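Novice: Protein sequences appear in the order of chains A and B.
Mapping of the first sequence onto this note's numbering: position 55 corresponds to residue 55, and the numbering continues sequentially without gaps.
Mapping of the second sequence onto this note's numbering: position 8 corresponds to residue 223, and the numbering continues sequentially without gaps.
All C-beta atoms, glycine included, are put in the ideal place defined by N, C-alpha and C.
Bear in mind the structure is a predicted one, so any value in this text is a computation, not a measurement.
I have a structure I would like to understand better, so I am pasting it below and will then ask my questions one at a time.
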Amino acid sequence: MNIFRLAGDMTHLASVLVLLLKIHTIKSCAGVSLKTQELYALVFATRYLDIVTDFISVYNTVMKLIFLGSSFSIVWYIRHHRVVRRSYDKDQDTFRHYLLMIPCMLLALFVHEKFTFKEVMWTFSLYLEAVAILPQLVLLQRTRNIDNLTGQYVFLLGAYRGLYIFNWIYRYFTEPHFVHWITWIAGVVQTLLYADFFYYYFESWKNNVRLQLPA
Amino acid sequence: SSNQDLKDEL
Chain A
1 MNIFRLAGDM THLASVLVLL LKIHTIKSCA GVSLKTQELY ALVFATRYLD IVTDFISVYN
61 TVMKLIFLGS SFSIVWYIRH HRVVRRSYDK DQDTFRHYLL MIPCMLLALF VHEKFTFKEV
121 MWTFSLYLEA VAILPQLVLL QRTRNIDNLT GQYVFLLGAY RGLYIFNWIY RYFTEPHFVH
181 WITWIAGVVQ TLLYADFFYY YFESWKNNVR LQLPA
Chain B
216 SSNQDLKDEL
């Protein structure tokens with residue numbers, strides 16, 4: 001564990017807590033893409049298959065349970081909670097996210113480290129996480145008015161993988177043979193997808209104006 | 216280097 005990875009995990013944890021806070025406290029999911037939440041639930045379900053077979057540390061297991069529990073409960077809230085689901089904008093959240101799942105699964109079947117079920121599913125989760133934010137970014141462009149909590153959620157979610165890139169750089173220089181192109185490329189693509197959001201997020205923060213993405 | 220040393224990451 002290094003400071004970059006700890007900061008990344010804490011930033012990731014903060015992003016899910018911000019979203020849970022928003023949904024649970026103000027009972028609203030306005031501006032939140034259910035499609036992205038469903039993709040993230042799938043990302044964690046396919047990435048943490050080893051949670052019952054390989055114990056790494058208490059921290060690792062607890063964090064996996066938090067990410068699995070929070071992502072599935074957020075999906076439940078938006079789909080089934082009698083108050084929250086009324087604020088879900090299904091007419092705007094129209095990204096066909098299975099068009100993201102299929103290419104990621106195909107790519108994982110061809111580009112992976114080992115052709116085993118767990119390894120292919122783990123690789124699928126890496127590719128899927130890289131593009132999982134797309135429905136959310138599309139929804140933000142459409143809804144225009146981005147409330148603070150949703151903006152903070154997207155920012156923290158994007159920042160965590162950026163911190164992981166620093167973690168991989170650190171590990172590359174401190175651990176022999178630490179080379180993982182698949183993970184690195186997926187992580188860089190994921191972070192780059194947030195580039196324009198980060199730009200407008202910092203601009204709105206610097207000029208102290210409401211965050212608005214260009215149409 | 217197998218992905219094993221990535222499995223301690225989240």
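Please compile the residues from chain B whose C-beta is within a distance smaller than 9 angstroms of the C-beta of residue 226(A).
Specialist: The shown model of chain A, from 1 to 215, leaves out residue 226(A), and the question about it has no answer.
Novice: Counting contacts by CB-CB distance shorter than 8 angstroms, is residue 2(A) in contact with chain B?
Specialist: Judged by the 8 angstroms Cβ criterion, residue 2(A) is not in contact with chain B.
Novice: Kindly indicate the opening and closing residues of the alpha helix (DSSP H) around residue 104(A).
Specialist: Counting along the chain, the alpha helix (DSSP H) containing residue 104(A) begins and ends at 98-110.
Novice: At what residues does the alpha helix (DSSP H) containing residue 84(A) begin and finish?
Specialist: Looking at the DSSP string, residue 84(A) is not in any alpha helix (DSSP H), and its letter there is neither H nor E.
Novice: Out of 138(A), 105(A), 111(A), 116(A), which one is the CA nearest neighbour of residue 36(A)?
Specialist: Selected option, being the one with the closest Cα: 138(A).
Novice: For residue 31(A), which of helix, strand or coil comes out of DSSP?
Specialist: Looking at residue 31(A) - three-state DSSP - the assignment turns out to be coil, as it is neither helix nor strand.
Novice: Which word fits residue 38(A), buried or exposed, when buried means at least 16 other C-beta atoms lie within 10 angstroms of its C-beta?
Specialist: Buried: at least 16 other Cβ atoms inside 10 Å.
Novice: So, helix, strand or coil for residue 136(A), using DSSP?
Specialist: Here residue 136(A) sits in helix by DSSP.
Novice: Rounded to whole angstroms, how far is the Cβ of residue 133(A) from the Cβ of residue 157(A), which I believe are closer than 8 angstroms?
Specialist: That belief holds up - the Cβ atoms of residue 133(A) and residue 157(A) are roughly 7 angstroms apart, short of 8 angstroms.
Novice: In chain B, what lies closer than 7 angstroms to residue 121(A) by C-beta?
Specialist: Residues of chain B passing the Cβ test: none, with the nearest at roughly 12 angstroms.
Novice: Is residue 52(A) helix, strand or coil when you go by DSSP?
Specialist: Coil, per DSSP.
Novice: Across the region 138-154 of chain A and the region 17-28 of chain A, are there enough close Cβ pairs to call them in contact, namely three or more that are closer than 8 angstroms?
Specialist: Taking 8 angstroms as the limit for Cβ pairs, the verdict is that the region 17-28 of chain A does touch the region 138-154 of chain A.
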